[in-house]
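Read through the structure below, which is laid out as C-alpha cells, and then see the notes.
Protein chains in written order, with the working numbering: chain A, 1 to 406; chain B, 1001 to 1406.
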C-alpha cells in the first residue's frame, strides 16, 4: 500500500553550451522527481522534465496528484490504472489549469511514472519486461482512451495489440541486440563549427548512424552552413535530423526548408509552434519528401490525434515526461500504430525511462525499432544510467524504470 | 514607474449549485489577482480566473512575470507592449511549462491585465475609452502577432483597423445604449427543473433576450427535457445557448446534438475537448445549421487560428483571463474579424474586464455587438461591480478596467 510520497525539485547545470537550441539558449535540466513509498519501504520513482524555472510549480502539481494515491495497493491500482488516470487528470478544479497540458499535466506525468516504476519494482522486473508480459486487456486497462472514441475504442486497441502478438516472439531479439540510439549532442545551438565537426567524427567513431543538428538561427545561412558541415563530415549513409525547436514562422519554415532539403535531412523537427497543426499540414506538403517530426511539446493524446489525423507528421516524438506519463505514452503509441506512423520519443528523461518504452513499442505494439535519442549530460545523476555500446542501448536489467536519481 | 507588485490568491465559495456544469460539479471561483503599483501609489489590478485548487500555482507564475516588469514606466511599457508580451511569454526556461498555455499563461494573463489597468488609471479613463482612442498602429504595438504570419501580419492588422475607422463614430452609440447581456445562470448543471423554469421567467422579466443552459448529463434525456423546459418557458424569440463544457465524446456529441437541434439552440458550446479542432470540424458539419461556440478553454492565439482556419466555429469565446490577457484577446479579436466570426467572450472575470473589451471590439474592430455573458455571483467582491439594467450592461465610467477586488 502506498504510505507516503515526496516530490523533489532537482536542477542540474549544463556545461559549455550543452542543451542549447534556437529557443532555449541557456537552459538548466530539471526534474520534478516524484517518489511513492509503500509499507515495505519500496519506492517508485517518476520524473517530469523542465528547463529549470518553474520546476517548483510542477512539483506542487505532482504533490496534488500523489496525495490522491495514498492508501492504494499498487497491484490493485495498476489493474485498472486508466480509471485512476482519468480521475486524476479530470479532477474538476485542477482540470481548469489545463485541461491536460502545461504544469498540471507535467505533474501528473511524474506521479504516473512513479506508479509504473513501483509496479515493476514490486514485481522485481524491469519495466519493459513487465509491459511485454501483460495481456492486451491488461495493457488497455492502464489507459484512458477518452476523447479518442472517434478513432480508437477500447475494443480496437485490444484488437490492435492481439494482431501484433504473432510477431512478438521474433521481435524479442531486440533484447539481445539492443535498441539503436542516435546522438542528439553533436550540434547544440551554441556549439561552433569546429566543435560540431569534432562531435560528428566522435559520434560516428562511437557507432552512431544517426545524429541531430540544432537549426533555427536568426541567420539562415548559419543553419545551411552547419547542416552542410555535418553532411560533409559524416557522409551520405548517416541519418541527419534537423531540429528548429519551434523557432520558425510558417513562411520562414517554408523558405529555409527549401534550402535545407538539399542536404537530405532524415527529418525536420519542431519547425514551428507545437499547437499549430494546420501550419504543419501546409509545411509538410512544401517539404515533401522530407518528413516532419513532432511531439516534444505536444501535451496530450488529443492533440497527437489531430496531428495523426491530418497526416502531416512522419515521426511521433511523444515524451513520457511531457504527456501524462507512461499510460498516455502507450495510448499515443497505439494511436500512432493505427495511423502507421513510427514513434521516436523525445527523451526529457535522458532515455532512462524511454529505453524501456521503445522495447515495449517494438515487441508488443509492433512499431519499427528505428532509434532512440541519446543525451548523455545527466548520466552521473542516475543510480542506473543508460548504457550505450557502439551506438546501441544495452537492455536494462534492474527492476523498475531506471528513474532513480542519486 | 512600477515599483512593487503583489499577487493575491482569492477564492470564493458559491452557493446552492451556482457555477456547476457537467465537468465541474463543485467549483469555487478563484482569482490570481495581480497588483502592480507605481511610485505615485497608483495600482493596476489584473485577474486570472480558476476554479479553486491550483490557484496558488497561477499566483506563483504571475509573480514570476510581474517581477520582470519592476522598474518600467507604464506609458513606455505600453508603447510597444507586444515586445514585452513576447519576451515574457517566451522566457526560455518558463516557456517549457507551456508553451503559451496552462498555469504559466494564466499567470501571464493576470500580469498583462494589470498593465492595461494601470495604463488606463494613469490616463484617468476607463479602459474602453483608452482603447478606442488609440490609433491602429498604437493598438497593434500592444500585440504579439508571432506564429500568425501566415494569416495576419502587422501590416494586415493595421489595415484591418484602418478600414473600420470610418464606421467607428456611428458605432459609438453603443456607449449610451449599453452593451446587451445574456444570462448564464438560468440553468446551472445542479439546478432542478423547477429552479430552471423559475430562473428563465425571472431572466425574461429582467430584460434578457438570451440565456444559457448547461447540458452534458450522463442521461441525454435529462438534457433534452431541460432544454425543452427552457424553450417552452421563454418562447421562440429568446436565444437559448446549450453548453456541454467538454463533456461529450465526438460520437456522443453527434448523437445528442441531433436531438437537441429540435429546440433550435442559438449555439452549442464546448461540445468536446478544446484541443480537438478536427472533432469540431466533423461535428460542425453534423449539427449545421446550428453553430458551435468555442473558446473558454482555448489557451492562445495559435489554437484559435486553427479553429478559425478550419471554419468549424460560429462564435469565438476568447476569455482575457484565460489567454495571455487583454493583449492576446485583441489579437484574437482581430483574427476573428479577418475570418468573419463574431467574438462573444467567456467571462471568467464576471464581465468586469470584458465589458470594456466588447465595447472596443464593436467600436474599433467593427465586430457585431451581439451580447456579453452575465454571471452575477461575485458582484459583492468588486469595488466597481458591473451594472446591468433591463438586460443591458451600463457603460462603466470609472478609470481602469473595473478589476479591483475589495
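Just so it is clear, CB atoms sit at the ideal spot from N, CA and C, and this is done for glycine as well.
Which residues of chain A have a Cβ atom closer than 8 Å to the Cβ of residue 1272 (chain B), listed in chain order? Translated into the one-based positions of the second chain, residue 1272 (chain B) becomes position 272. Ordered by position in chain A, the residues that pass the 8 Å Cβ test against residue 1272 (chain B) are 147.
Output needed for residue 1356 (chain B): all residues of its chain with C-beta closer than 6 Å, excluding positions within five of it in sequence on either side, in chain order. Walking along the second chain from the start, residue 1356 (chain B) turns up at place 356. The answer, listed in chain order, is 1127, 1128 and 1401.
Any Cβ of chain E within less than 7 Å of the Cβ of residue 173 (chain A)? No chain E appears in the structure shown, which is made up of the protein chains A and B.
Give, in chain order, every residue of the segment 1281–1314 of chain B whose Cβ lies closer than 9 Å to some Cβ of chain A. 1282, 1297, 1299, 1300, 1302, 1303, 1305, 1306, 1309 and 1310
List the residues of chain A that residue 1024 (chain B) touches, going by C-beta distances under 8 Å, in chain order. Looking up residue 1024 (chain B) in the second chain gives position 24. Near residue 1024 (chain B) (Cβ distances below 8 Å), the residues of chain A are 92, 93, 95 and 96.
Taking all protein chains shown into account, decide if residue 1306 (chain B) is buried (16 or more other Cβ within 10 angstroms of its Cβ) or exposed. Your numbering for residue 1306 (chain B) matches position 306 in the second chain. Classification of residue 1306 (chain B): buried, given that the 10 Å Cβ count is 16 or more.
How is residue 1388 (chain B) classed by DSSP in three states: helix, strand or coil? As a working mapping, residue 1388 (chain B) is identified with position 388 in the second chain. Residue 1388 (chain B): strand per DSSP, three-state reduction.
In whole angstroms, what is the alpha-carbon distance linking residue 290 (chain A) and residue 312 (chain A)? Numbered from 1 along the first chain, position 290 holds the residue referred to as residue 290 (chain A). Numbered from 1 along the first chain, position 312 holds the residue referred to as residue 312 (chain A). Each residue's Cα considered, the two are about 11 Å apart.
Segments of 4+ residues assigned as alpha helix (DSSP H) that fall wholly inside the segment 232–274 of chain A: 250–260
Does any residue of chain B bring its CB to less than 7 Å from the CB of residue 226 (chain A)? As a first step, residue 226 (chain A) must be located in the first chain, where it is residue number 226. Judged by the 7 Å Cβ criterion, residue 226 (chain A) is not in contact with chain B.
Which runs of the beta strand (DSSP E) spanning at least 3 residues fall entirely within the segment 1004–1068 of chain B, listed in chain order? Assignment of beta strand (DSSP E) within the segment 1004–1068 of chain B, counting only whole runs of 3 or more residues, yields 1029–1038 and 1043–1050 in chain order.
Identify whether residue 1109 (chain B) lies in helix, strand or coil by the three-state DSSP scheme. As a working mapping, residue 1109 (chain B) is identified with position 109 in the second chain. Residue 1109 (chain B): helix per DSSP, three-state reduction.
Output, in chain order, the set of chain B residues within a Cβ distance shorter than 8 Å of residue 176 (chain A). If you number the first chain from 1, residue 176 (chain A) lands on position 176. Result: empty, since nearest Cβ-Cβ is about 37 Å, beyond 8 Å.
Beta-carbon within less than 7 Å of residue 308 (chain A)'s beta-carbon, same chain only, minus the 5 sequence neighbours each way: which residues are those? Working through the first chain from its first residue, we reach residue 308 (chain A) at position 308. Result list for residue 308 (chain A): 335, 336, 339 and 341, in chain order.
Starting from residue 186 (chain A), trace the beta strand (DSSP E) in both directions and tell me its first and last residue. Reading the first chain from its first residue, position 186 is the one you call residue 186 (chain A). Its beta strand (DSSP E) spans residues 179–187.
Name the two residues that bound the continuous alpha helix (DSSP H) containing residue 1075 (chain B). Taking the first residue of the second chain as position 1, residue 1075 (chain B) is located at position 75. From DSSP, the alpha helix (DSSP H) with residue 1075 (chain B) extends over 1074–1079.
Of all the CB atoms in chain B, is at least one closer than 7 Å to the CB of residue 342 (chain A)? Taking the first residue of the first chain as position 1, residue 342 (chain A) is located at position 342. No, because no Cβ of chain B sits closer than 7 Å to the Cβ of residue 342 (chain A).
May I ask you to list, following chain order, the residues of the segment 48–75 of chain A that have a beta carbon less than 9 Å from some beta carbon of chain B? Against chain B - using a Cβ distance shorter than 9 Å - the residues of the segment 48–75 of chain A are 49, 50, 51, 52, 53, 54, 55, 56, 57, 58, 60, 61 and 64.
Am I right that residue 182 (chain A) and residue 210 (chain A) are in contact with their C-beta atoms under 8 Å? What's the rounded C-beta distance? Here residue 182 (chain A) refers to the residue found at position 182 when the first chain is read from its first residue. Here residue 210 (chain A) refers to the residue found at position 210 when the first chain is read from its first residue. The pair is a contact, with the Cβ atoms about 4 Å apart (cut-off 8 Å).
Rounding to the nearest angstrom, what Cα-Cα distance links residue 220 (chain A) and residue 370 (chain A) in this structure? Residue 220 (chain A) sits at position 220 when you count from the first residue of the first chain. Residue 370 (chain A) sits at position 370 when you count from the first residue of the first chain. Those two C-alpha atoms are separated by around 30 Å.
Since I believe residue 1380 (chain B) is in contact with residue 1351 (chain B) (beta carbons under 8 Å), could you give me their beta-carbon distance rounded to a whole number of angstroms? In the second chain, residue 1351 (chain B) corresponds to position 351, counting from 1. In the second chain, residue 1380 (chain B) corresponds to position 380, counting from 1. 15 Å between Cβ atoms; not a contact.
Need the endpoints of the alpha helix (DSSP H) that residue 131 (chain A) sits in, please. Position 131 of the first chain, counting from 1, holds the residue named residue 131 (chain A). Counted as a single uninterrupted DSSP element, the alpha helix (DSSP H) harbouring residue 131 (chain A) occupies residues 127–132.
Tell me which residues share the same chain as residue 1212 (chain B) and place their Cβ nearer than 6 Å to its Cβ, disregarding the 5 neighbours each side in the sequence. Here residue 1212 (chain B) is taken as the residue at index 212 of the second chain, counted from 1. Answer for residue 1212 (chain B): 1184, 1241 and 1243, listed in chain order.
Does residue 395 (chain A) have its Cβ less than 7 Å from a Cβ in chain B? For this step, residue 395 (chain A) is matched to residue 395 along the first chain. Not closer than 7 Å to any Cβ of chain B, the Cβ of residue 395 (chain A) fails to qualify, so no.
Considering only DSSP beta bridges, list what residue 1393 (chain B) is partnered with. Reading the second chain from its first residue, position 393 is the one you call residue 1393 (chain B). Answer is B:1179 and B:1388, bridged to residue 1393 (chain B).
Thinking C-alpha only, which one of A:301, A:283, A:330 and A:302 is nearest residue 293 (chain A)? To locate residue 293 (chain A), count along the first chain from 1; it is residue 293. It is A:283 whose Cα lies nearest to the Cα of residue 293 (chain A).
Comparing the C-beta of residue 1103 (chain B) with each C-beta of chain A, is any distance below 7 Å? Numbered from its first residue, the second chain carries residue 1103 (chain B) at position 103. Judged by the 7 Å Cβ criterion, residue 1103 (chain B) is in contact with chain A.
Flag residue 251 (chain A) as yes if its beta-carbon sits less than 7 Å from any beta-carbon of chain B, otherwise no. For this step, residue 251 (chain A) is matched to residue 251 along the first chain. Cβ-Cβ to chain B under 7 Å: yes for residue 251 (chain A).
Cutting at 6 Å between CB atoms, please list the residues of its own chain near residue 59 (chain A), excluding the five before and the five after it. In the first chain, the residue the question calls residue 59 (chain A) occupies position 59. For residue 59 (chain A), where only same-chain residues beyond five positions count, the Cβ hits under 6 Å are 7, 9 and 32.
Are the C-beta of residue 236 (chain A) and some C-beta of chain B separated by less than 7 Å? Numbered from its first residue, the first chain carries residue 236 (chain A) at position 236. Chain B contact via Cβ: absent.
Start and end residues, alpha helix (DSSP H) containing residue 1363 (chain B): Translated into the one-based positions of the second chain, residue 1363 (chain B) becomes position 363. Unbroken run through residue 1363 (chain B): none, as it is neither H nor E.
Close Cβ partners of residue 1249 (chain B) (< 8 Å) along its chain, the five nearest in sequence each way excluded: Within the second chain, the letter at position 249 stands for residue 1249 (chain B). Once the five neighbours on either side are set aside, the close Cβ partners of residue 1249 (chain B) are 1272.
Compare the C-beta of residue 1014 (chain B) with all C-beta atoms of chain A and state if any pair is closer than 7 Å. In the second chain, the residue the question calls residue 1014 (chain B) occupies position 14. By this cut-off, residue 1014 (chain B) is not an interface position.
Curious, which full-length beta strand (DSSP E) runs of at least 3 residues does the segment 324–385 of chain A contain? Under the rule that a run must span 3 or more residues, the beta strand (DSSP E) segments found entirely inside the segment 324–385 of chain A read 372–374.
Please confirm if the segment 1183–1197 of chain B is in contact with the segment 1155–1165 of chain B, defined as three or more CB-CB distances below 8 Å between the two stretches. no
Report the option in B:1020, B:1206, B:1135 and B:1253 whose CA atom is closest to the CA atom of residue 1161 (chain B). Translated into the one-based positions of the second chain, residue 1161 (chain B) becomes position 161. Here the closest residue by C-alpha is B:1135.
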